[in-house]
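I have placed the structure first, in the form of structure tokens, so that the comments after it can refer back to it.
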Amino acid sequence: MTTLVVADVAGQSWDARDYAKNGRFVADLAESLVEWLAPQAGERILDLGCGDGALTEKLSASGARVVGIDASVELVAAARERGVDARLADAQALTFANEFDAVFSNAALHWMKRDPDGVLLSVARALKPGGRFVAEMGAAGNIAAIRGAIHDAMARRGYDAAQADPWFFPTLADYRRRLQAAGFDVVAIESFPRPTLLPGDISGWLRTFAQAFLAIVPEGERAALIAEVQGSLHERLANTVGQWTADYVRLRFVAVKKAR
Ligand code: BEZ
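Numbering that gives the first Met the number 0 numbers the first residue of the sequence shown as 0 and each following residue consecutively.
Shown next, in the form of structure tokens:
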């Protein structure tokens, strides 16, 4: 596998090996979301923000014909290595029309900050009338401690973290309104805390998921910044045996494209 790292539309860069090491839990924790989707053999399903394809592969095991899209060249290459039909695409400008029975998305919509309503219109266009959109993303308050510690550490060093911040974590009420405005009936929507045990300490998480912030800091300063963020979070997120738990809050929904 290559070690090519590229910046995607959110300013975030992805390294497939780092993602496999520090982000495997993202797909592992999505089992109940897949149950909400209940993929059926023969259905055509779009996995929006498929990452390295670990979950796309699981959806395909149902016999559904699954296409994955992602904005990261590196992750699309990793997904293709698994045999996934993965394509490089910007979710804010999809060209699919009335062709999918379902669109699925796990832990991806919060990276699409530039035009969240454009994403929803793209998804609505891609679905057949009556097709379902089943997704989970970060909700308002997601990783509040981690995000706050990054912002504080960067401010102390004179960097504008707000400008680099790649994340969009809406409230339930806000996102329901956006779904309805894009032409969906919202069948179910909920928000819930999901404290998430990390596979290592917070530094691996930061190196994998906080690239957009690290990218505006000179390379020689990054390790010190990560150590500073880690130090400030230790009391809140690490236990006495050194296990780290991230303060995730999820927003999960099923929405159906109106048959006009
Ligand atoms: C999330 O899945 O909520 C998430 C993961 C990495 C960075 C930000 C949010």
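We put the CB at the ideal spot given by N, CA and C, even for glycine.
Give me, in chain order, the residues of the same chain whose beta-carbon lies closer than 6 Å to that of residue i; leave out the 5 immediate sequence neighbours on both sides.
i	result
ALA78	CYS49, ASP51, GLY52, GLY67 and ALA85
ASN97	LYS127
LEU178	VAL185 and ALA254
Secondary structure at residue i, three-state DSSP: helix, strand or coil?
i	result
SER61	coil
ARG81	coil
ALA152	helix
PHE252	strand
GLU234	helix
PRO128	strand
SER12	strand
LEU224	helix
ARG113	coil
ALA19	helix
ARG177	helix
GLY240	It is Val, not Gly, that sits at residue 240 in the sequence shown. Note: VAL240 maps to coil in three-state DSSP.
Any chance the CB of residue i is under 8 Å from a heavy atom of the ligand BEZ?
i	result
PHE208	yes
ILE142	yes
ARG249	yes
TRP243	no
MET153	no
GLY203	no
GLY10	no
MET136	yes
TRP13	no
VAL25	yes
TRP166	yes
HIS150	no
ALA96	no
ALA106	yes
Candidates the options: which alpha carbon is nearest residue i's?
i	options	result
GLY147	VAL228, ASP17 and VAL25	VAL228
GLN39	ARG176, GLU56 and SER61	SER61
VAL72	ILE215, ARG16 and LEU87	LEU87
VAL185	ARG251, THR244, ASP200 and LEU28	ARG251
ARG16	ARG193, TRP204, GLU30 and VAL248	TRP204
SER31	GLU135, ALA76, GLY117 and PHE212	GLU135
Could you pull out every residue in the same chain whose Cβ sits closer than 8 Å to the Cβ of residue i, ignoring the five residues on either side in sequence?
i	result
LEU58	VAL33, LEU36, PRO38, ILE44, ASP46, VAL65 and PHE103
PRO198	LYS20, ASN21, ARG23 and PHE24
Checking the sheet assignment: what are the DSSP bridge partners for residue i?
i	result
ILE68	LEU47 and ARG86
GLY137	ARG249
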